[in-house]
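Numbering of the sequence shown is given in my numbering, commencing with residue 10 and proceeding in unit increments.
No residue lacks a Cβ here, since even glycine has one placed at the ideal position from N, Cα and C.
It should be emphasised that the depicted structure is a prediction, and the values quoted were computed from it without experimental measurement.
First the structure, in the form of structure tokens, and then the observations on it.
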Amino acid sequence: MQKREKFLPYSTQWISDEDIEAVINTLKSPFLTTGPKVKEFEEIVAKYVDVKYAVSFANGTAALHAACYAAGIGKGDEVITTPITFAASANCIRYMDATVVFADIDEKTYNIDSKEIQKKITSNTKAIIPVDFTGQPVDIDRIMEIAKENNLIVIEDGAHSLGADYKNRKVGSTADMTMFSFHPVKPITTGEGGMIVTNNKDFYEKLILFRGHGIQQTDYSKSQGEWYYEMVDLGYNYRMTDIQAALGISQMNKLDTFIVERRNLAEVYHEKLKNINGVKAPWQLKNTKSGWHLYSVQLDLPQLKKTRKQIFEELRNNNIGAHVHYIPVYWHPYYEKLGYERGLCPKAEKWYEQALTLPLHPQMTEEDVNQILTFFK
Ligand SMILES: *Cc1c(COP(=O)(O)O)cnc(C)c1O
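See the structure below:
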């Protein structure tokens, strides 16, 4: 194949002149933080996914941490999640001193398998954190059923799936709480940023409390005077700035266009991969439309007669930003030290050995996809 002139990353932000202007306007305004843009951004996202409440955070990981707090997760509790995700989906459970329980993935969707969730439920299980890996929604209706039967809270990690559709609903409207991330590689960006959406007022109030040092106005403080506030629990400063929110508002105007572009490119990959042996395109669950945050293929290495490392390095040498998402979370030394052993989720591990992420982001063209795929011909 011909080497690309410029490196093509697996994902990247798309910042327009309007985005830049929106940020500059906020920089010139009286509020850099805790101002009107934060509220406006939250309202826009809440409306987009059709929920009552949205609470923004400094980043998606902080948002997950807050969701675990709002869910009342604590020491002795078990929380079930997938090993095929970014470490933050599990780390948030550890922040609350609770136990992470990994349930294996479904071979077809690569998402957490509902049947495996059921096997892992004990009397200590408190919550489930399913992840919409690559932007493909998990079967959230089924997971909510399981949660209801077992009195569990569901925090959906939608870091990849803002704008994705599940049975004609936007991801975010079904779980007890859903997290979105606005890191530059994610569907839209605020630099760093995150959000929790929910229909539950109690969760909403706890999220606000946790985000702001655990400080609030109480009846007592009101009786003391306007300056008086009380810190009622140990919270954090996890606030998003108005500068970030201004960028987020502007990016939300383009989310649907971004998703259309991603879906079109995924379709091109799909079609072309039908004629390429040794590279398996991702399968899609019925009634869902992925947001295509990642395009993750499975390599038939014996057929390709190369190791994944060779393929990865050859693509990189040709300036194609292939990547691998993700190393099973419990393989990381931190989790190993906690006692998690290899072999725990065999399907996830087998999947990982053959996984490769090919570049996909809205600024790419069909020609880019064609060029990438010439490598496998
Ligand atoms: C990016 C990501 C997060 C964390 O989001 P940040 O905004 O980077 O903190 C959590 N879960 C998944 C699956 C992610 O991809």
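Checklist entry - Between H74 and ligand 1, is the CB less than 7 Å from at least one heavy atom? => result Residue mapping note: residue 74 aligns to position 65 of the sequence shown, counting from 1. Flag unset: Cβ of H74 not near ligand 1.
Item to check | Simplified DSSP assignment, three categories, for Y19 | outcome: For the purposes of this step, residue 19 is taken as the residue at position 10 of the sequence shown. Coil at Y19, not helix or strand.
Next on the checklist: Below 8 Å on the Cβ atoms is my contact criterion, and I expect S305 with T366 to pass it. Report the Cβ-Cβ distance as a whole number of Å.
Outcome noted: Locating residue 305 in the sequence shown gives position 296, where the first residue counts as 1. Locating residue 366 in the sequence shown gives position 357, where the first residue counts as 1. Contact holds; Cβ gap of about 5 Å.
Checklist entry - Are A79 and F191 touching if we call contact CB-CB under 8 Å? => result Counting from one through the sequence shown, the residue named residue 79 turns up at place 70. Counting from one through the sequence shown, the residue named residue 191 turns up at place 182. No, they are not a contact pair.
Item to check | Helix, strand or coil at R178 [DSSP, three-state] | outcome: Position 169 of the sequence shown, counted from the first residue, corresponds to residue 178. Here R178 sits in strand by DSSP.
Checklist entry - Going by other Cβ atoms of all chains shown within 10 Å of its Cβ, with 16 needed for buried, is M240 buried or exposed? => result Looking up residue 240 in the sequence shown gives position 231. The residue in question, M240, is exposed, as its Cβ has fewer than 16 Cβ neighbours within 10 Å.
Item to check | Of the listed residues S20, F16, E30 and L17, nearest to S259 (C-alpha basis) | outcome: The residue you call residue 259 lines up with position 250 of the sequence shown. The candidate whose alpha carbon is nearest that of S259 is E30.
Checklist entry - Is the stretch 142-158 touching the stretch 169-181, taking contact as three or more C-beta pairs under 8 Å? => result yes
Item to check | 3 or more residues per run - each beta strand (DSSP E) lying fully within the stretch 259-308 | outcome: 304-308
Next on the checklist: Which residue wins for smallest C-alpha separation from R271, given the options I197, L324 and K295?
Outcome noted: For this step, residue 271 is matched to residue 262 along the sequence shown. Comparing Cα-Cα distances from R271 to each of I197, L324 and K295, the minimum goes to I197.
Item to check | Cut-off 7 Å between Cβ atoms - residues of its own chain near E125, not counting five sequence neighbours on either side | outcome: For the purposes of this step, residue 125 is taken as residue 116 along the sequence shown, with counting starting at 1. Counting only Cβ-Cβ distances below 7 Å, and skipping sequence neighbours, we find A112 and D113.
Checklist entry - By how many angstroms is the C-alpha of G348 removed from the C-alpha of T35? => result In the sequence shown, counting from the first residue as 1, residue 35 sits at position 26. In the sequence shown, counting from the first residue as 1, residue 348 sits at position 339. For T35 and G348, the distance between alpha carbons rounds to 48 Å.
Checklist entry - Where does D242 land, buried or exposed, given buried means 16+ other C-beta within 10 angstroms? => result By one-based count along the sequence shown, residue 242 stands at place 233. D242 is exposed by the Cβ-count criterion.
Checklist entry - Anyone know if the C-beta pair for G257 and G202 falls short of 8 Å? => result On the sequence shown, position 248 is the one that residue 257 refers to. On the sequence shown, position 193 is the one that residue 202 refers to. Yes.
Checklist entry - What does a CB cutoff of less than 8 Å around R178 pick up in its chain, not counting 5 residues either side in sequence? => result Here residue 178 refers to the residue found at position 169 of the sequence shown. If we look at R178 and ignore the five residues flanking it on each side, its Cβ neighbours are D59.
Next on the checklist: To the nearest angstrom, how far is the alpha carbon of H279 from that of Q293?
Outcome noted: Along the sequence shown, one-based indexing puts residue 279 at 270. Along the sequence shown, one-based indexing puts residue 293 at 284. In a straight line, the C-alpha of H279 is about 11 Å away from that of Q293.
Checklist entry - Which residue or residues does DSSP assign as beta-bridge partners of L367? => result Sequence index remark: in the sequence shown, residue 367 carries index 358 (1-based). DSSP output for L367 lists Y304 as bridge partner(s).
Checklist entry - Within 10 angstroms of its Cβ, does T227 collect 16 or more other Cβ (buried), or is it exposed? => result Within the sequence shown, numbered from 1, the residue matching residue 227 stands at position 218. With fewer than 16 other Cβ atoms within 10 Å, it is exposed.
Item to check | CB contact flag (I152, I137, <8 Å) | outcome: By 1-based counting over the sequence shown, the position of residue 152 is 143. By 1-based counting over the sequence shown, the position of residue 137 is 128. In contact: I152 and I137 (Cβ atoms closer than 8 Å).
Checklist entry - Taking C-alpha atoms, which residue in K386, S25 and T90 lies nearest to Y119? => result Locating residue 119 in the sequence shown gives position 110, where the first residue counts as 1. Selected option, being the one with the closest Cα: T90.
Checklist entry - How about the stretch 38-51 and the stretch 244-252: do they share at least three Cβ pairs that are nearer than 8 Å? => result yes
Item to check | Segment contact, 8 Å Cβ cut-off, at least three pairs: the stretch 319-334 with the stretch 13-26 | outcome: yes
Next on the checklist: Taking the alpha helix (DSSP H) that T69 belongs to, which residues open and close that run?
Outcome noted: Translated into positions along the sequence shown, residue 69 becomes position 60. The identity of residue 69 in the sequence shown is Gly, whereas the question assumes Thr. Per DSSP, G69 belongs to the alpha helix (DSSP H) from G69 to A79.
Checklist entry - Of all the beta strand (DSSP E) runs that stay within the bounds of the stretch 112-164, which reach a length of 3 or more residues? => result 134-138
Next on the checklist: Restricting to Cα atoms, I'd like to know which of D309, R13, V194 and L369 is closest to I285.
Outcome noted: Mapped onto the sequence shown, residue 285 falls at position 276. Closest option to I285, Cα to Cα, is D309.
Item to check | Burial state of S65 (16 or more Cβ within 10 Å) | outcome: Start at 1 with the first residue of the sequence shown, and residue 65 comes out as number 56. Buried is the call here.
Item to check | Helix, strand or coil at G203 [DSSP, three-state] | outcome: In the sequence shown, residue 203 corresponds to position 194, counting from 1. Looking at G203 - three-state DSSP - the assignment turns out to be strand.
Item to check | Integer-rounded CB distance, given that H302 should sit under 8 Å from K231 | outcome: Translated into the one-based positions of the sequence shown, residue 231 becomes position 222. Translated into the one-based positions of the sequence shown, residue 302 becomes position 293. Going by Cβ atoms, the distance from K231 to H302 rounds to 45 Å, so no, they are not a contact pair.
Checklist entry - Closer than 7 Å: is that where the CB of F95 sits relative to any heavy atom of ligand 2? => result The model depicted lacks ligand 2 and carries ligand 1 instead.
Item to check | beta-carbon A168 near ligand 1 non-hydrogen atom, thresh 7 Å | outcome: As a working note, residue 168 is residue 159 in the sequence shown. Yes; taking the cut-off as 7 Å, the Cβ of A168 has a heavy atom of ligand 1 nearer than that.
Checklist entry - To which residues of the same chain is D122 closer than 7 Å at the C-beta, ignoring the five residues directly before and after it? => result Walking along the sequence shown from the start, residue 122 turns up at place 113. Once the five neighbours on either side are set aside, the close Cβ partners of D122 are A112, D113, I114 and D115.
Checklist entry - DSSP state of T198, grouped into three classes? => result Working through the sequence shown from its first residue, we reach residue 198 at position 189. DSSP places T198 in coil when its eight states are reduced to three.
Checklist entry - In whole angstroms, what separates the C-alpha of R13 from that of G223? => result Counted from its first residue, the sequence shown places residue 13 at position 4. Counted from its first residue, the sequence shown places residue 223 at position 214. Going from the Cα of R13 to the Cα of G223 covers about 51 Å.
Checklist entry - Comparing the CB of N209 with every heavy atom of ligand 1, is any distance shorter than 7 Å? => result To locate residue 209, count along the sequence shown from 1; it is residue 200. Not so, every heavy atom of ligand 1 lies at least 7 Å from the Cβ.
Item to check | Same chain only: Cβ atoms within 6 Å of M105, ignoring 5 sequence neighbours per side | outcome: The residue you call residue 105 lines up with position 96 of the sequence shown. These residues qualify, in order along the chain: C77, I82 and G83.
Next on the checklist: When you measure from the CB of H192 to every non-hydrogen atom of ligand 1, does any distance come out below 7 Å?
Outcome noted: The residue given as residue 192 occupies position 183 in the sequence shown. Answer for H192: yes, Cβ within range of ligand 1.
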